[in-house]
Amino acid sequence: MFIINFSVYFVIPEESKLSFLKRSFDFAQDDIANTNYLNEHILKSLKES
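Residues in the sequence shown are numbered from 1 upward in steps of one, following UniProt numbering.
Following this line, the structure appears as structure tokens:
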């Protein structure tokens, strides 16, 4: 996901690059949070079974 965003980054006008990078970073943070949540959920399911 981040790699796709980064390739688009070079087509964007200079002034919006900063906000774009911030948005990409927020997406990455969300991905990490979601992955952590899924991992915990899977581990919990395994322990219960």
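Cβ atoms here follow ideal geometry from the backbone N, Cα and C, with glycine treated the same way.
| Item | Value |
| --- | --- |
| Alpha carbon to alpha carbon, how far is N36 from L43? | 11 Å |
| Roughly how many whole angstroms lie between the Cα atoms of L46 and D31? | 22 Å |
| Does DSSP put S49 in a helix, a strand or coil? | coil |
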